[in-house]
């Protein structure tokens, strides 16, 4: 009866008028939704099923209430199999839930899932940040500083670049400045020697000369006598050991050529066969006067008489190994912009690491007056157990009697055109073999640049702005310094007319890779701690940094 009344009333509106079925169903749905919301506000954990909500909405629209004993929330009843067929008769299909209450689509499950996803993403992001700041990724953000665990070993220096000569006369182009190309021409393969015309502009050459004159030049000296005696005494050689050192052919006799060949035993005086025989006569070392000393004659000689003779005899400038004046020009930070530009040009030319070029010797400027010369020599010396490199001795705690200039490369600049003489000679360039004794034959000493310069294998004529450069060492096969290249023997021919100006850039490398690495590390530390005051001796040169010179 309850259902019948509900159905009868559901078809009549107020005043007994007929209400369309679709409007009645819409009204019932809205009423059912209101009942659901009211029930939810009372705290029911579960809402009515969609079918029950529709029935309640229909009852509310008809003004009926459910019986007291009927359950408020009955589970959804299964629809008969033919229910779907009635949808075509104008009735709406029942609304099915997307998922069961408390299933995997519930809000609680969704919240838990989102929390887990955020935790996972947070862990991944934290791991990426940890890796980035621990090892660095090569980007612009520096890694956080680490606590030092003690003295860190010096990093191994990079391999040394070396140009290929290919063959004599080979030419290759290189861009050393932005506005033009330079030509590199191979002059010899032994030593590996190149020429670069126009390396310096004329105004740059004049500026270098002017800066050298402003600073002042001093007379070039080769091992003063006092230091020579001290060095000889520190060698702790007896006369028998010294005789064996001089006797290169091991025949038990010292010929004049063997004595002259030992350039390391000279005191800055250029020895000729005439001067050696004169010395023998003065100290009575050669009783028979044949110019040859036996072991017995050499053992009877008092070396102190030799030192006394050298002190008494004042040598003329023409008798010196080197007759010139020179000074040094700073090229580091704060130097004149032209000096900095030249150093950067040398860096591009040699293709060596910047820290090696920047930590090398400053530029040496040399003036040879008329009659000036420099007998044939090598720019770098061999490193024996009793020697150490001049530049790396600053960081070594070793006490050795001798030091030598370890110059891997020489870059020589001609600053003017010489009126007469002044060539650079390479006496044994591209010789098939090298024998030190063969340099002196038949009364001709190929190292004598005053008398026999024209007999050398290769002569380079000075031309303003031209640079020549060569390697003083052979490669060791592992990208570092090997044995000294004896073919790099060279000298400055005597200037017969006018004045000769040159400049040298020497690239210093210690044959010991470990010592070179320690030196670079220590110099970098001093630069960081001392700043501009780390090299006070170059304060005068820095004062020229802003100088404007009209040349």
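In my numbering, the protein residues as written are 779 to 1329.
Here a beta-carbon is modelled for each residue, glycine too, at the ideal position from N, C-alpha and C.
Since the model is a prediction, treat every value here as computed from it, not as a measurement.
| query | result |
| --- | --- |
| Do we get a CB-CB distance below 9 Å when we pair residue 1295 with the residues of chain D? | Among the chains of the structure shown, chain D does not appear; only one protein chain is present. |
| In the DSSP assignment, the alpha helix (DSSP H) including residue 1298 goes from what residue to what residue? | 1291-1308 |
| Going by Cα to Cα distance, which pick from 1273, 1288, 1217 and 983 is closest to residue 1172? | 1288 |
| Ordered along the chain, which non-local residues of its own chain (more than five positions away) have a Cβ less than 8 Å from that of residue 1262? | 1156, 1158, 1159, 1160, 1250, 1251 and 1252 |
| Can you check DSSP and say which residues form a bridge with residue 950? | 962 |
| Check whether the stretch 1221-1240 touches the stretch 1269-1279, taking contact to mean three or more Cβ pairs, one atom from each stretch, closer than 8 Å. | yes |
| Just to confirm before moving on: does the CB-CB distance between residue 1147 and residue 1102 stay below 9 Å? | yes |
| Give the secondary structure of residue 1079 by DSSP, where H, G and I count as helix, E and B as strand, and everything else as coil. | coil |
| Who are residue 1181's beta bridge partners in DSSP? | 1166 |
| Can at least three beta-carbon pairs, one atom from the stretch 1178-1191 and one from the stretch 1273-1292, be found at a separation below 8 Å? | yes |
| Count Cβ pairs between the stretch 972-982 and the stretch 1112-1129 that sit closer than 8 Å; are there 3 or more? | yes |
| Please look up how many angstroms separate the CB atoms of residue 1284 and residue 1123, rounded, as I've assumed it's under 8 Å. | Incorrect: roughly 15 Å between the Cβ atoms, too far for contact. |
| Where do the N-terminal and C-terminal ends of the beta strand (DSSP E) with residue 1280 fall, by residue? | 1278-1286 |
| When burial is assigned at 16 or more other CB atoms within 10 Å of the CB, is residue 1244 buried or exposed? | buried |
| How long is the line joining the alpha carbons of residue 1104 and residue 1094, rounded to whole angstroms? | 18 Å |
| Mind checking who residue 990 pairs with in its DSSP beta bridge? | Residue 990 pairs with nothing; no bridge assigned. |
| How long is the line joining the alpha carbons of residue 907 and residue 944, rounded to whole angstroms? | 51 Å |
| Assuming residue 1294 contacts residue 1165 under a Cβ cut-off of 8 Å, what Cβ separation, rounded to an integer in Å, is found between them? | Rounded, the Cβ-Cβ distance is 15 Å, inconsistent with contact. |
| Would DSSP call residue 1187 helix, strand or coil? | strand |
| If I follow the unbroken alpha helix (DSSP H) through residue 1019, where does it start and stop? | 1017-1024 |
| Return the CA-CA distance between residue 1241 and residue 1177, expressed in angstroms with no decimal places. | 43 Å |
| So what does DSSP say about residue 1266, is it helix, strand or coil? | helix |
| Quick one: grab the DSSP three-state call for residue 1115. | helix |
| Comparing C-alpha positions only, which one of 1073, 1232 and 1291 sits nearest to residue 1332? | Here the chain has residues from 779 to 1329 only, and residue 1332 is not among them. |
| State the start and end residues of the unbroken beta strand (DSSP E) segment that holds residue 1060. | Looking at the DSSP string, residue 1060 is not in any beta strand (DSSP E); the run it does join, the alpha helix (DSSP H), is 1051-1061. |
| Compare the beta carbon distance of residue 982 and residue 1134 with 9 Å and say whether it is the shorter of the two. | no |
| Cβ atoms of residue 1051 and residue 1038: under 9 Å apart, would you say? | yes |
| Skipping 5 residues on each side, what residues in its chain have a beta carbon closer than 6 Å to that of residue 990? | 1105 and 1143 |
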